[in-house]
Every structure is written in C-alpha cells, then in structure tokens.
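Participant: Here it is, the structure, as structure tokens.
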Amino acid sequence: MSLDGSVERRRSEPSSMQINGSNGNANENGGSSMMLYSPTSPSPQSQSQSHQRLRLNPNTDHNPENYEDLKLGFNPCIFSSLERYLPPSMLTVTRHLKVQYMNDILARYLPQGERIRVQRHREYRQKIIANYQPLHRELYTMDPATFFVQSFVEAINKNTEESLRSIISEPSPGVYTFEMLHQDFCKMLLSEVDNFEKWVSESKFRIMRPNTMNKYGAVLDDFGLETMLDKLMDDFVRPISKVFFPEVGGPTLDSHHGFVVEYGKDRDVDLGSLMNVGFHVDDSEVTLNVCLGKQFSGGDLFFRGIRCDKHVNTESQPEESFDYSHVAGQAVLHRGRHRHGARATRSGHRINLLLWCRSSAFRELKKYQKDFSAWCGECQREKRERQRKSVAETKQELLRREGDNTVA
C-alpha cells in the first residue's frame, strides 16, 4: 500500500484490497519524515523551504486555517489536515504561502487525472447532501454520551493504557473486542441508513457501494456523516490504536473510509471463504467493525493471520485461526492486514458499521521497508528461522574448531 497522496482519495476509495499475492514494498530505513520538493516549477517561496521536512506526527496544539472559501484543486479539508504536519517556520506565514507550499507537496502524489476523479467524487457527494434529508440530524454531530456506553467513555476520558485495557479483551492475538455503541445509537443509525436507502430507491439515484465485495450497504461519508466519523477516528479509535497498534501507524491515523454493510435475505450472504476472493485484507491500517444489530444467525468473522503484501497468500498457522461471533454494539478492532472474511448469514438480517482508518505517514515510510517482522506473522517466522539457522551454524563452527584443537 503506497501513499497515493490525497486524504480525499483515501477517504473515498470504494475498493477492498483482495488477496492476490501482490509484491511487498521497499526498504527499512525510511526515516521519520518526507523530504519536500515541488515536482514542476516550484514557487520561490516553496523552493526556499524545500529542504525542510514534514512532521511525522501532527501538531495537535496548532489551529489550522480554514480553506473552504478558496477554489482549490484538492478538498479544503486536506489543506487543514496537512497544515498540522508543516514545519514550524511554515506555520507563521500567510495562508496564501501555505497553500502554495502544500500544493507543491500534493502535486507530487496526485496526478491531474486522479485530481479530476477526486473532483467528480466531491461533486457526487455534494449532490447527495444537497438533496437527501436526514432523518436523525443528531447523528451528524459527535455526542459521546449518546453514542457510546458509559464504560467506553470513561476509559477514553482517562486516556491511560490501564483504563483502555480494563475494558478491552484480546481473544486472539491482534483481535480486540469491547463494548462500544449504545443500543439506542445503533437503532438510530440503522433507521438513518434505511431512510437513505429509501431515498436512493425513490429518487433512482445511483450510489457507490462501500467496496468491490459488497453489492449492498452505503458509504456513510457520502451522505454527510464524514465529520462525525472523523471525530470517531480522531478522539476514540486513534487513542486505542496508539496503545495496541503502534507498529502500523496507530498513533498517526489521519483519514478514514466509513460505511455500513448488509447481509442476509436479499442482501450479501457472506464475504467469502478461504477458497474465494471474499477472504481479504482491508485497505486500512486499523479497522473498526461494530455490529449494529437486527435479528440474525451465522455471519461469524474468521481471522487467519496478519500478512504483508509479499506473504498475503501464505498458509495460516493453527494458532492464527480465530472465529468471532457478532454482538450488537460490540466492537472488533484489528489491523487492516489481518486476513479475514465473513461466514454466511444463515437467517435474518445483519448490518455492520465499518471504519477503515489510515495513516499517510505509515504508508509513506512503508514504501522504504523490506522487513515487516514487527507485525507480519510470516516475516516473523522467517526471521526466527534465520536466527535458528544462524545459531545452528555457529554451534557447528564452534564444534569444528574444538575438534581441530583436540587433534592438534
């Protein structure tokens, strides 16, 4: 997964990463920041700053400018987000110079054709938001007391590793579960999704589905819930990910793709078995999956080990196999590279909220790495095997030398 440059693109990307044996990314020394330079004809101001580096972590104390009033080639939200990563000397210059500087950076990663695609998707969203009338407007603004169970809110407010571990279970390595959403919120979100689907049907508006594997469901970001989901990632998912997923960009999550999927009668039945393309990894660093409910049987998630691109099609080890049964309101949090699928929903109707959380910093650094033994199960096994062979060879050499000395 390489950095494609645009937060907007990552938020709107509708596809999941299928397991197809794609090659791994490059080398280990990526450093902690990106060098900045303009690809073509940089302005004098940006050229004079080109030796500076972006921050690895956002400056959360900095209050970024608002760029909504400018006609830009990128979503204004990208500029506000990127501003928190600028070097200190750029935080005090005029907004005009900041825009020039950030445009030079963004142009490196997003060619014109991709910018056109992003612009069309932005217009698609604007058309939906202009015509769709929300059923529950209170959903569109984050309200922790209404959305979450009390134990979850208290643990987040304390914001310590101890408080988080007190509410979170790890039934299998790398899979974390915890009570999260209030039942009233689940019902409210379900009715909002139903209302949106009704509007789509009545207006005959053609919408984009969440990813390439699901024929049903809706992208929540597309009908106005993007800001609320941003808060969900920033204030709730990221603090947890900082503790449990530091090696895959957990502390630097900065964009998301939020959607609901539907399974059951007249909906998607499953997300594949080990024998078909539904068994997959997500286009995310960290995935939040919460069952919203409705009556159903079946539909268990199955996990089969964490893999980098190079090893994505390797066999699972027995200790990597784990099945999880959904409970309404209960969250599952796992690495996006944790291979998984969903078994058939045998009866009833199941709807899940998913938030694919991404880190642009991690994706940039990952391009320069070859060894992913910090999180890839197969890389870890290969590393252990190399160490075992090295120890065995060293022992053999010592025994040989001892034998030579005895003969002498």
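Counting from 298, one number per residue, gives the positions in the sequence shown under this note's numbering.
Positions of the beta carbon are idealized from the N, C-alpha and C atoms, including for glycine.
Values in this document were obtained by computation on a predicted structure and should not be read as measured data.
Secondary structure at P548, three-state DSSP: helix, strand or coil?
Facilitator: P548: helix per DSSP, three-state reduction.
Participant: Should F444 and F493 be called a contact, given that it needs their Cβ atoms to be closer than 8 Å?
Facilitator: Cβ distance not < 8 Å, so F444 and F493 don't count as in contact.
Participant: When we look at the beta-carbon of H433 and count the other beta-carbons within 10 Å, is it buried (16 or more) or exposed?
Facilitator: Its Cβ having fewer than 16 others within 10 Å, H433 is exposed.
Participant: Would you kindly work out how many angstroms separate the C-alpha atoms of L695 and N702, rounded to a whole number?
Facilitator: The straight-line gap from Cα to Cα measures roughly 11 Å.
Participant: Three-state secondary structure (DSSP) at P373?
Facilitator: Residue state, collapsed to three classes: helix.
Participant: Taking the alpha-carbon positions, what's the E459 to E690 distance?
Facilitator: Whole-angstrom Cα-Cα distance: 43 Å.
Participant: The alpha helix (DSSP H) spanning P536 covers which residue range?
Facilitator: R535 to F541 is the extent of the alpha helix (DSSP H) around P536.
Participant: The alpha helix (DSSP H) with R636 in it runs from where to where?
Facilitator: Where R636 is concerned, there is no enclosing alpha helix (DSSP H), although the beta strand (DSSP E) it sits in stretches over H635 to A639.
Participant: If you draw a straight line from the alpha carbon of Q342 to that of F541, how long is it in whole angstroms?
Facilitator: Low confidence applies here, because Q342 scores a pLDDT of 49, under 50, leaving its location unreliable and the question unanswered by this model.
Participant: When you compare the region 516-523 with the region 449-459, are there three or more beta-carbon pairs, one atom per stretch, that lie closer than 8 Å?
Facilitator: Taking 8 Å as the limit for Cβ pairs, the verdict is that the region 449-459 does not touch the region 516-523.
Participant: Taking C-alpha atoms, which residue in R660, P373, I603 and G547 lies nearest to Q677?
Facilitator: Ranking the options by Cα distance to Q677, first place goes to I603.
Participant: When DSSP builds the beta bridges, which residues end up paired with H554?
Facilitator: Per DSSP, W653.
Participant: Determine, using beta carbons only, whether S469 and F669 come nearer to each other than 8 Å.
Facilitator: The answer is no: Cβ separation not under 8 Å.
Participant: Scan the region 396-477 and note each continuous beta strand (DSSP E) run of 3 residues or more that stays entirely inside, going in chain order.
Facilitator: Counting whole runs of 3 or more residues, the region 396-477 contains the beta strand (DSSP E) stretches 466-469 and 472-476.
Participant: So is R660 in contact with chain C if we call contact Cβ pairs under 8 Å?
Facilitator: Reference to chain C is not applicable here, since this structure consists of a single protein chain.
Participant: Does V629 come out as helix, strand or coil in the three-state DSSP assignment?
Facilitator: Three-state result, V629: strand.
Participant: Grouping DSSP H, G and I as helix and E and B as strand, with all else coil, what is A515?
Facilitator: If DSSP states are grouped into helix, strand and coil, A515 belongs with the strands.
Participant: Assign G700 to one of three DSSP states: helix, strand, or coil.
Facilitator: G700 falls in the helix class under three-state DSSP.
Participant: Taking the continuous alpha helix (DSSP H) assigned at V497, which residues delimit it?
Facilitator: Q480 to S500 is the extent of the alpha helix (DSSP H) around V497.
Participant: Pop quiz: L598 and G555 are said to be a contact at Cβ under 8 Å. What is the actual Cβ separation, rounded to whole angstroms?
Facilitator: Actually they are not in contact, since the Cβ atoms of L598 and G555 sit about 18 Å apart, beyond 8 Å.
Participant: What's the gap between the Cα of N363 and the Cα of S377?
Facilitator: Answer to the nearest angstrom: the Cα atoms are 6 Å apart.
Participant: Applying the 10 Å Cβ sphere with the 16-neighbour rule, what's the burial state of G546?
Facilitator: Flag for G546 reads buried.
Participant: Using C-beta distances below 7 Å, list every residue in its chain close to E699, excluding the 5 sequence neighbours before and after it, in chain order.
Facilitator: Cβ within range, chain order: n/a, list empty.
Participant: In whole angstroms, give me the CA-to-CA distance for S309 and E612.
Facilitator: With a pLDDT of 43 at S309, under the threshold of 50, the modelled position of this residue cannot be trusted, and the question is left open.
Participant: Compute the Euclidean distance between the alpha carbons of S538 and V497, then round it to the nearest angstrom.
Facilitator: For S538 and V497, the distance between alpha carbons rounds to 35 Å.
Participant: Output yes or no for whether 8 Å exceeds the beta carbon distance between F475 and A625.
Facilitator: Not a contact, by the Cβ cut-off of 8 Å.
Participant: So, helix, strand or coil for R392, using DSSP?
Facilitator: Residue state, collapsed to three classes: helix.
Participant: In the structure shown, what three-state DSSP assignment does G595 receive?
Facilitator: The answer is strand: DSSP assigns G595 an E or B state.
Participant: Report the partner residues of V583 according to the DSSP bridge assignment.
Facilitator: V583 pairs with R632 and C654.
Participant: Starting from the Cα of F576, find the closest Cα among Q592, Y560, R634 and G521 and give me that residue.
Facilitator: Comparing Cα-Cα distances from F576 to each of Q592, Y560, R634 and G521, the minimum goes to R634.
Participant: Using 8 Å for Cβ pairs, my map puts P536 next to N456. What's the rounded Cβ distance?
Facilitator: About 6 Å separates the two Cβ atoms, so the contact holds.
Participant: Looking only at its chain, what residues have a beta carbon closer than 7 Å to the beta carbon of K680, apart from the 5 residues adjacent to it on each side?
Facilitator: Only S670 meet the Cβ criterion.
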